Amino acid sequence: MESEQIDEDTIQEHEKHFSNEGFWNKLQRFSKKAGSTVVYAVLILYFTLQKPEVPLKVKATIAGALGYFILPLDLIPDVALGVGFIDDLGVITAALIQVAMYIDEDVKKQAKGKLMEWFGKHVDTSEIDNKLN
């Protein structure tokens with residue numbers, strides 16, 4: 037699924053699948069397999085969702101994208117070697133673009149901190165950071 041084909045309706049339909057417990061369980065189980073780029077993008081959305089000043093409609097978009105990430109049955113199964121998280125990254129990237137104005141340096145710092153815990157200090161976040169700038 038290419039990110040251009042992912043619209044707000046696709047993201048919104050997965051909102052019901054988001055939960056804090058499901059999010060952290062999946063992220064911890066699949067973080068190494070998903071890779072630091074996907075994990076960083078997901079963490080940015082998660083920490084943006086936690087901000088009280090983010091409007092409900094934006095939170096619904098984020099929850100939909102994270103729900104798609106959590107959902108075990110998606111377009112490309114997450115267990116598919118090498119490509120399992122491509123569709124997840126497409127949905128996550130589309131959501132990042134839609135909510136970019138609410139992503140601040142504090143959110144990025146929180147996401148990078150958690151990412152470094154799991155992947156080490158020399159993790160590259162430039163792919164996502166460049167999309168947000």
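Residues 37 to 169, numbered by the working numbering, are exactly what the sequence shown covers, in order.
Beta carbons are placed, not taken as given, at the ideal position from N, Cα and C, and that holds for glycine.
Computed from a predicted structure; not experimentally measured.
Rounding to the nearest angstrom, what Cα-Cα distance links L63 and A77 in this structure?
12 Å
- Task: Quick one: grab the DSSP three-state call for T161.
- Result: coil
Quiz item: Is the number of C-beta pairs between the segment 99-109 and the segment 147-160 that are closer than 8 Å three or more?
Solution: no
Which whole-angstrom value describes the C-beta separation of D160 and S55, a residue pair presumed to lie in contact below a C-beta threshold of 8 Å? The Cβ separation is near 30 Å, so there is no contact.
key: Exposure label - D142; buried when at least 16 CB within 10 Å   = exposed
(Q) Checking 8 Å against the spacing of the C-beta atoms, do V127 and V94 come in under that value? (A) no
- Query: Once you ignore the five residues that flank I98 on each side, which residues in its own chain have a CB closer than 7 Å to its CB?
  - Reply: L81, T84, L85, A131 and V135
Indicate the three-state DSSP secondary structure (helix, strand or coil) for V74 in the structure shown. helix
* Asked: So, helix, strand or coil for Q146, using DSSP?
  -> helix
Could you compute how far the alpha carbon of A116 sits from the alpha carbon of V74?
Note that A116 scores 44 on pLDDT, short of 50, meaning its location in the model is unreliable and no value can be drawn from it.
Practice problem: Would you kindly work out how many angstroms separate the C-alpha atoms of K150 and N61, rounded to a whole number? | Solution: 14 Å
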